[in-house]
Amino acid sequence: MSVLTFSFPVVFHTPVLVGEVLSFLPDITDGWVVDATAGGGGHTREILRTGRKVLAIDQDVEAVNELKRQFGTELEKQQLKIAHGNFAHLLSIIKTNKVQSVAAVLFDLGLSTFQIKRSGRGFSFQSDEALDMRMNTEAAETAKDLLNRASQEELTGIFIRFGEERLAAQIAEKIVHARRQKALETTEELVQLVNGVYEEARVHSLMSPATKTFQALRISVNNELNALRNALPQAFDLLEPNGRLLVISFHSLEDRIVKQYFQSQVASGKARLVTKKPVVAGEAEVRSNRSSRSAKLRVLEKYEFQSSQVGS
Ligand SMILES: C[S@@+](CC[C@H](N)C(=O)[O-])C[C@H]1O[C@@H](n2cnc3c(N)ncnc32)[C@H](O)[C@@H]1O
């Protein structure tokens, strides 16, 4: 058995399921691969190595700057284009960048390691930072704005829908009470508040009590699920016949959207599932990169007789 080895630049992010992603790329070698969540460029780099052209998109300007820093040569040779934007607007990004034919679109959802550990934007409850949580720092509303603006009902809904948090109502109530004295500003203040709610309710959690609250806020601030819902049909329409959609998700809310969308395309006779079940990381990858443990890759292939929307 041959062993594939990959090399990645300094740890902006360690990409997951790289060998699997490469093995599922279609054989349409003259089309572009759209890396809709390029982050630190780990997947982009390996896709470029196969000789394919890549359009790398990210909504985080720091990721875009990192991509430009890493890939000067490929940009110059026009093997790579880099775009700052939200994949919710995929069609217009493709048109602006004059990409003529799309062989595959890859989504590797969620946050990069850089965003969690080094961006200073309050994505992690493990360091005390300002409550920002925007992937796109040009977006209007931060987590702090949301926490101090939203009604108790709205906050409860966010914690239920995006965090599946059982103490959603109590956490929302505590936030509204706390902000009457002083606006919530830091991750540490929020962590203490959520810990207090768990203690009062005598609920024990194996993970940190703040995990679900942080996930919910982040999803809400970045409108993540709607962006995904909007992007999938655009990505599918852009594909050439036999082109493929590859999506790596990290939690059940994302995976459900992907699974249902894929099933709807199969049911309407437009595509086939390449992966009957989601592909997950092997033991060795999980050991060397813990964030791969929750990754699920699903792949859909557009049928040959379906046309592409590029240029239409
Ligand atoms: C898990 S990281 C991707 C890592 C990348 N595959 C790599 O190899 O380094 C997810 C990236 O997607 C970006 N992202 C998330 N949602 C996005 C959206 N709606 N539009 C554009 N980029 C998005 C994030 O800013 C982040 O950089």
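Residue numbering for the sequence shown follows my numbering, starting at 866 and increasing by one per position.
Note that CB positions come from ideal geometry on N, CA and C, so glycine has one too.
Being a predicted model, the structure only gives us computed values, none of them experimental.
Check: Among V1068, A1048, R1067, S1073, nearest to E1056 - alpha-carbon criterion; Outcome: Before going further, note that residue 1056 is Val rather than Glu in the sequence given. Looking at the Cα atoms, S1073 is the closest of the given residues.
Check: Contact test: A1092 Cβ vs ligand 1 heavy atom, cutoff 6 Å; Outcome: yes
Check: Limits of the beta strand (DSSP E) - the one that K1167 falls within; Outcome: 1161-1167
Check: 3-residue-minimum beta strand (DSSP E) runs that sit fully inside the stretch 1067-1124, ordered along the chain; Outcome: 1104-1114
Check: Minimum C-alpha distance to T879 - residue among H1069, L1097, K982; Outcome: K982
Check: Validate contact between the stretch 914-921 and the stretch 1060-1074 using beta carbons, cut 8 Å, 3 pairs; Outcome: no
Check: Where D925 falls: helix, strand or coil (DSSP); Outcome: coil
Check: Entirely enclosed alpha helix (DSSP H) segments - the stretch 936-962, minimum 4 residues; Outcome: 937-941, 955-961
Check: Cβ distance (whole Å) where L1165 is taken to contact Q1130 below 8 Å; Outcome: 6 Å
Check: CA nearest to the CA of N1088, picked from L940, I1023, I1036, K1009; Outcome: I1023
Check: Exposure label - V926; buried when at least 16 CB within 10 Å; Outcome: exposed
Check: 8 Å Cβ shell around T978 - same chain, five flanking residues per side excluded; Outcome: V876, F877, H878, T879, G905, S1156
Check: Beta-ladder partner(s) of L920, from DSSP; Outcome: V899, K946
Check: CB of T1021 within 7 Å of CB of A1008, strictly; Outcome: no
Check: Residue nearest to K1135 in terms of C-alpha spacing, selected from K1141, D1120, P1098, V1041; Outcome: P1098
Check: Any non-hydrogen atom of ligand 1 within 6 Å of D925 CB; Outcome: yes
Check: Contact test: G916 Cβ vs ligand 1 heavy atom, cutoff 6 Å; Outcome: no
Check: Beta-carbon proximity of T1051 to D993, cut-off 7 Å; Outcome: yes
Check: Backbone secondary structure at V1145 - three-state DSSP; Outcome: coil
Check: Span of the beta strand (DSSP E) around G1008; Outcome: The amino acid occupying residue 1008 in the given sequence is Ala; Gly does not appear at that position. Taken as a continuous stretch (DSSP letters only), A1008 belongs to no beta strand (DSSP E), being part of the alpha helix (DSSP H) at 1008-1014.
Check: Contact between the stretch 1102-1112 and the stretch 964-972 (3+ Cβ pairs under 8 Å); Outcome: yes
Check: Those residues which DSSP pairs with D973 across a bridge; Outcome: I1113
Check: Contact the stretch 893-904 vs the stretch 958-968: 3+ CB pairs below 8 Å; Outcome: yes
Check: The beta strand (DSSP E) enclosing A1043, as first and last residue numbers; Outcome: Here A1043 belongs to no beta strand (DSSP E); instead the alpha helix (DSSP H) covers 1033-1046.
Check: Member of F1027, Q991, A1037 whose CA lies at the smallest distance from the CA of L1012; Outcome: A1037
Check: Anticipated Cβ contact below 8 Å, I1113 with R1094, distance rounded; Outcome: With 8 Å as the limit, I1113 and R1094 do not qualify as a contact, their Cβ atoms being about 17 Å apart.
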